[in-house]
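Take 476 as the starting number for the sequence shown in the working numbering and just add one per residue.
Contents: one structure, followed by commentary.
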Amino acid sequence: MTLLKTSIYSSIYTAITFISGFILIKIVALKIGPNGIAQLGQYQNTTALLTLIATFSISAGVTKYIAEYKFDTIKIQQIVTTAITIVTIASIFTGFCIIVGSKALSKIAFSNTTFWQVYLLLGCCIFFVALNIVFSAILNGLNEIKNLTIINSSGAILGVILTLTLANLYEVKGVLIAANITAIFIFLGHLFVFSKLRKISLFPSIKKINKPILLLLFSYTLMNWVSGALAPLNQLFIRDYIIQNLSLQQAGYWQGISRISDYYLLFIVSVLSIYYLPTFSSIKEKLDLKKELILAYKIIMPIVVFLALSIFLCKKLVIKILFSKAFEGMDELFLFQLIGDVFKIGSWLLGYIMIAKAMTKTYIITEILFSVSLILITRFMFNKYGLIGTTYAFALNYLIYWFVIAVIMNKYFKEDVNPLPK
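Written as structure tokens, this is what we have:
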């Protein structure tokens, strides 16, 4: 599928997801205010960590190797069977642990057991959440972008309906519960789509696990566990640091500006994962890969700069539309947060090549190094400048990260071509 078609489908999905995300934030902002936004962030970060365990973080590897072997139906089936079997086992085990430890998880995330029922439901539903991630990775690798968009968009719309309904009944708990219930319907949607494709079998089988493929996928487990775990852990640490040194309300401001970044960059991130990851994976020659990367920069970066500038110029309107008057104190956070977003996407384009080419060691080292540096710089900037210092740290850290990754990838492109794993 071409970049244009991918962009169109990504735009549809992004628009629907943005609207659903807007409704989610608006509901919490109006009902509870900044405190509720901070609580929502706590739950989403802990859920992200648990999902990493339930999926073994192999989704990027599934997409890469299915795209790489797209003309080898036997190899594709081996990849699918291996992935689904591993995730089925991991998600059932993770779900059991969540159910048993639901009260402990609530206390860790919220310092009380108020939300233990939400974690209990998550434990029951994480099987569906995990398999949805793998199913989407399979569709992405098969270049079934249209079906992927239909499923995700339908899930987002259903999520909005459930969120509105349950929020009126249970307030914040209802918002959190809605995501888990939505996962069940998305799972059924995936099964329907795969039944129509009839290309592959989705049945797990321990006997049919392919050990060489399993090792290849596990190389992505290590990469994505590092990156996937560090991001929510960093957010949990920074949010807690703000709460301890300022207030829950100030943490809500920080969570709010972070959420704005997440939503307006959703289109870009979707294009990176849906188009560029399989594209970079399928390109064998470094010269061709470099040309594709340069073209990506010419297309993606102007869009990111335009979006960031637009958000900055309309920041007061954005706060009014997305949140409420209670969030007016966050307007000073926009400038350097948006500058950091530009640096982030610039570095991620290079980072996706490391993922696509399974540069495990380099990827893990840089992720750990710059996650630690983000915490250290954030603490320094926060102590010196207050809440706005967190955005200074965000921008500075991604600028340095982009520079370091650029140096590493420049060396990679100058090296002789290394054979890809077979």
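The C-beta atom is built at its ideal place from N, Cα and C for all residues, glycine as well.
Where residue i falls: helix, strand or coil (DSSP)
i      : result
Ile883 : helix
Asn699 : helix
Asn720 : helix
Tyr544 : coil
Glu803 : helix
Pro707 : helix
Thr492 : helix
Leu740 : coil
Glu760 : coil
Gly861 : coil
Met856 : helix
Glu619 : coil
Glu767 : helix
Met834 : coil
Ile786 : helix
Pro896 : Below a pLDDT of 50, predicted positions are generally treated as unreliable, and Pro896, at 42, falls in that range; the measurement from the model is reported next regardless. Here Pro896 sits in coil by DSSP.
Ile533 : coil
Phe878 : helix
Endpoints, alpha helix (DSSP H) assigned at residue i
i      : result
Asp816 : Phe809 to Ala831
Ile564 : Thr548 to Val575
Pro509 : Pro509 to Thr530
Lys790 : Lys790 to Leu797
Gly757 : At residue 757 the sequence reads Ser, which differs from the Gly that was named. Ser757 -> alpha helix (DSSP H) spans Leu752 to Ser757.
Ser586 : No alpha helix (DSSP H) contains Ser586, which DSSP labels as neither H nor E.
Ser748 : Looking at the DSSP string, Ser748 is not in any alpha helix (DSSP H), and its letter there is neither H nor E.
Cβ pair residue i, residue j closer than 9 angstroms
i      : j      : result
Tyr695 : Gly536 : yes
Lys545 : Asn618 : yes
Gly511 : Val647 : yes
His655 : Leu527 : According to the sequence shown, residue 655 is Asn rather than His. Cβ distance not < 9 angstroms, so Asn655 and Leu527 don't count as in contact.
Lys539 : Ile775 : no
Ile601 : Leu672 : no
Asn607 : Ile549 : no
Ile796 : Leu639 : no
Ser736 : Ala631 : no
Leu808 : Leu862 : yes
Lys836 : Tyr873 : no
Tyr484 : Lys674 : no
Thr589 : Ser581 : yes
Ala706 : Ser566 : no
Ile561 : Ile684 : yes
Pro509 : Phe802 : yes
Ile902 : Val701 : Nothing can be reported for residue 902, as the shown portion of the chain is limited to 476 through 897.
Ile574 : Gly598 : yes
Tyr728 : Met834 : no
Ile828 : Leu692 : no
Phe712 : Lys832 : no
Val879 : Val817 : no
Ser785 : Leu505 : no
Pro753 : Thr563 : no
Thr657 : Leu633 : yes
Minimum Cβ-Cβ distance from residue i to chain B less than 9 angstroms
i      : result
Ile601 : Among the protein chains of the structure shown there is no chain B, as only one such chain exists.
**Item:** Stretch-stretch touch, CB-based, cutoff 8 angstroms, three pairs: the stretch 658-673 with the stretch 605-619
**Value:** Note that the stretch 658-673 touches the stretch 605-619; at least 3 beta-carbon pairs, one per stretch, sit closer than 8 angstroms.
**Message:** Contact between the stretch 727-746 and the stretch 870-889 is defined here as three or more beta-carbon pairs at a separation below 8 angstroms; is this criterion met?
**Reply:** Fewer than three pairs of CB atoms, one per stretch, sit closer than 8 angstroms, so the stretch 727-746 makes no contact with the stretch 870-889.
**Asked** So does the stretch 808-815 actually touch the stretch 729-743, counting three or more Cβ pairs closer than 8 angstroms?
**Response** Using a Cβ-Cβ distance cut-off of 8 angstroms, the stretch 808-815 and the stretch 729-743 are in contact, since at least three pairs of beta carbons, one from each stretch, lie closer than that value.
**Message:** Can you confirm whether the stretch 785-795 touches the stretch 839-858 when touching is taken to mean that 3 or more C-beta pairs between the two stretches lie within less than 8 angstroms?
**Reply:** Not touching, per the Cβ criterion.
**Request:** Tell me, please, whether the stretch 549-560 touches the stretch 683-699 by the rule of three or more beta-carbon pairs shorter than 8 angstroms.
**Result:** Per the Cβ contact rule, the stretch 549-560 is in contact with the stretch 683-699 (3 or more Cβ pairs under 8 angstroms).
**Runs of alpha helix (DSSP H) wholly within the stretch 658-685 (minimum 4 residues, chain order)** = Contiguous alpha helix (DSSP H) elements confined to the stretch 658-685 do not occur, taking only those with 4 or more residues.
**Asked** Is the number of C-beta pairs between the stretch 852-861 and the stretch 711-720 that are closer than 8 angstroms three or more?
**Response** Flag = yes, the stretch 852-861 and the stretch 711-720 touch.
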